[in-house]
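Counting from 13, one number per residue, gives the positions in the sequence shown under my numbering. Following: one structure in structure tokens, then a few remarks.
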Amino acid sequence: MKITWSPLAVDQVRDIASYIALDKPAVAVQWAEKIFNSIDILYEFPESGRVVPEINRKEIRELVQGNYRVIYKTKPKEILILVVKSYHQQLKENEINVNGAKSI
């Protein structure tokens, strides 16, 4: 099983961590660690997240970490991290596009 990140998800993690770091750099590091640790669970349990209600497709799932959602797509041998955003922000259909995804 490999985990691949979309460019959008990478940018979102970077932007959120940078914003948090403006006031609390240590909290930004902790936040990023929590996000990455929650994603690491997917190596063993790829379907541990719930189906995203707005999409309602079995392969599009999300993990909730605090006030943030990690939205991902399951494939037989791969997890695609699509979006990382505030739980209060609405998901847009174009945000689940996987073009340009990068393996990590």
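All residues carry an ideal CB built from backbone N, CA and C; glycine is no exception.
(request) List the residues that DSSP assigns as beta-bridge partners of W43. (result) Beta-bridge pairing by DSSP links W43 to no other residue.
(message) Quick check on DSSP: helix, strand or coil for V60?
(response) The sequence shown places Ser at residue 60, rather than the Val named in the question. S60 falls in the coil class under three-state DSSP.
(request) Output the distance between the C-alpha atoms of I67 and A33, rounded to the nearest integer angstrom. (result) For I67 and A33, the distance between alpha carbons rounds to 32 Å.
(message) Excluding the 5 residues flanking N49 on each side, which residues of the same chain have their C-beta closer than 8 Å to its C-beta?
(response) Contacts found: none.
(request) Over the uninterrupted beta strand (DSSP E) stretch that includes L54, give me the two end residues. (result) Unbroken run through L54: none, as it is neither H nor E.
(request) Report yes or no: do three or more beta-carbon pairs, one from the stretch 20-34 and one from the stretch 83-100, lie closer than 8 Å? (result) With the cut-off at 8 Å, the stretch 20-34 and the stretch 83-100 touch.
(message) Can you give me the C-alpha to C-alpha distance between Y31 and I83, rounded to a whole angstrom?
(response) Rounded to the nearest angstrom, the two C-alpha atoms are 20 Å apart.
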